[in-house]
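Novice: Chains as they are written, first to last, in my numbering: chain R, 16 to 174; chain W, 16 to 174.
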DNA sequence: GAAATTTACTGGCATATGCCACTATATTTA
DNA sequence: TAAATATAGTGGCATATGCCAGTAAATTTC
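(1) Are residue 70 (chain W) and residue 114 (chain W) closer than 8 Å when you measure CB to CB?
(2) So residue 34 (chain W) contacts chain R; which residues on that side make the cut at Cβ distance below 9 Å?
(3) Which of the three DSSP states is assigned to residue 27 (chain W) in this structure?
(4) Return no unless some Cβ of chain W is closer than 8 Å to the Cβ of residue 27 (chain R).
(5) Residue 43 (chain W) to residue 111 (chain W), Cα distance in whole Å?
(6) Kindly identify the DSSP beta-bridge partner or partners of residue 113 (chain W).
(7) CB-CB under 7 Å to residue 81 (chain R), same chain, minus the five flanking residues each way: which ones, in chain order?
(8) Report the neighbours of residue 68 (chain R) on chain W: residues whose CB is nearer than 8 Å to its CB, in chain order.
(9) For residue 16 (chain R), which three-state DSSP category applies?
(10) Can you confirm whether the stretch 132–144 of chain W touches the stretch 85–101 of chain W when touching is taken to mean that 3 or more C-beta pairs between the two stretches lie within less than 8 Å?
(11) Does the beta-carbon distance from residue 52 (chain W) to residue 116 (chain W) come in below 8 Å?
(12) Please work out which residues of its chain come closer than 7 Å, Cβ to Cβ, to residue 45 (chain W), disregarding the five sequence neighbours upstream and downstream, and give them in chain order.
(13) For residue 66 (chain R) and residue 59 (chain W), what's the separation of their Cα atoms in angstroms?
(14) Give me the Cα-Cα distance between residue 8 (chain W) and residue 103 (chain R), rounded to the nearest whole angstrom.
(15) What is the DSSP secondary structure of residue 154 (chain R), reduced to helix, strand or coil?
Here you go:
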């Protein structure tokens, strides 16, 4: 029987592509579980982040998502269109827009939460609970500004 | 000084979103290094896979990339347009198309290889050589068909 | 305080990815 | 072998993401 534990003939020497392949597959797996909700896993993640953020400015939301500000704007479009999130102007700085869930958004989030838990539980079961937590920590490290600085050779701890 | 090792206020309990954030950041980092070549890191990865595949059928290439077949087709478009890759019909099965690098594609790949090595070296330096290899192995596991089966609760080793 | 600069967002354009419907070919069934 | 089914790709549509060039509003300079 063929080796079923490695993507068929994939070029496994690039850390970036390894991460991308894993990310595509995992996204697919979570997506399938969330399907009944009508939300993509990306959207669910975004809603969660917005919910936790309590009217976070777009800029900060983008940073938390490790995403380009304009990309975030685009990604929010369908959610706004569907009435799940809405923008509110900042009272002090008129350049700033804050995002929050609408009533409908909150409702859908709640309805979808169980599905996300299910997906996460399956992941933990297949990957191992501890390994899972460990993985998230590792991913957070790679996603951190500090790592980007280290990668780019920028020194930082001294301002 | 604020904690600089965690994306600001990110919801870190979802393995999928953790992976996505890391993937976005890492992609960005590699991208910056590859920039002089004019190739996106995704494209470089694809060219490499095609180069290694020696006229692989699209289907197999898609599997190796853990990517949807049609998505692969779309992603190849710009590369075909720019004359980096070309399709050749399979001699025995007329449904099958095989992809290969053109002379130009091979040239650009070679010219870009050094940049990729540089990016990979920076990653290894920032993340740790051993940890890096370890990470790739972990990512390969998550990207494997076996993991998908385990996640989905499908039994497989018994046919 | 007016001019220069920085900051937060938007809109247009391009690539990355996935789903679905459809076409052309093979392969399997009856 | 004709019909049913499976396989490999394509094209259209939708979301995901990033870059760049504005625009508007705040902050810093002189």
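Idealized CB from N, CA, C, for every residue including glycine.
Specialist: To lay it out plainly:
(1) Here the question's residue 70 (chain W) lines up with position 55 in the second chain. Here the question's residue 114 (chain W) lines up with position 99 in the second chain. Cβ atoms of residue 70 (chain W) and residue 114 (chain W): closer than 8 Å.
(2) Numbered from its first residue, the second chain carries residue 34 (chain W) at position 19. Going along chain R in sequence order, the residues near residue 34 (chain W) (Cβ under 9 Å) are 34, 37, 38, 41, 42, 150, 151, 154.
(3) Here residue 27 (chain W) is taken as the residue at index 12 of the second chain, counted from 1. In this structure, residue 27 (chain W) counts as coil in the three-state DSSP scheme.
(4) Along the first chain, read from residue 1 onward, the residue named residue 27 (chain R) stands at position 12. At a cut-off of 8 Å between beta-carbon atoms, residue 27 (chain R) makes contact with chain W.
(5) Along the second chain, read from residue 1 onward, the residue named residue 43 (chain W) stands at position 28. Along the second chain, read from residue 1 onward, the residue named residue 111 (chain W) stands at position 96. C-alpha separation (whole angstroms): 34 Å.
(6) Reading the second chain from its first residue, position 98 is the one you call residue 113 (chain W). W:72, W:103, per the DSSP bridge assignment.
(7) Within the first chain, the letter at position 66 stands for residue 81 (chain R). Closer than 7 Å at the Cβ level, and outside the excluded window around residue 81 (chain R), lie 158.
(8) Here residue 68 (chain R) refers to the residue found at position 53 of the first chain. Those within 8 Å of residue 68 (chain R) in chain W are 24.
(9) Along the first chain, read from residue 1 onward, the residue named residue 16 (chain R) stands at position 1. At residue 16 (chain R), the pLDDT of 39 sits below 50, so the modelled position is not reliable; the number obtained from the coordinates is stated separately. It is coil, neither helix nor strand.
(10) no
(11) In the second chain, residue 52 (chain W) corresponds to position 37, counting from 1. In the second chain, residue 116 (chain W) corresponds to position 101, counting from 1. Contact: no.
(12) Taking the second chain and counting its residues from 1, the one referred to as residue 45 (chain W) is at position 30. Cβ within range, chain order: 56, 134.
(13) Walking along the first chain from the start, residue 66 (chain R) turns up at place 51. Walking along the second chain from the start, residue 59 (chain W) turns up at place 44. Approximately 37 Å, taken between the alpha carbons.
(14) Lying outside 16 to 174, the shown extent of chain W, residue 8 (chain W) is not represented and no answer is given.
(15) As a first step, residue 154 (chain R) must be located in the first chain, where it is residue number 139. In the three-state DSSP reduction, residue 154 (chain R) falls in the helix class (H, G or I).
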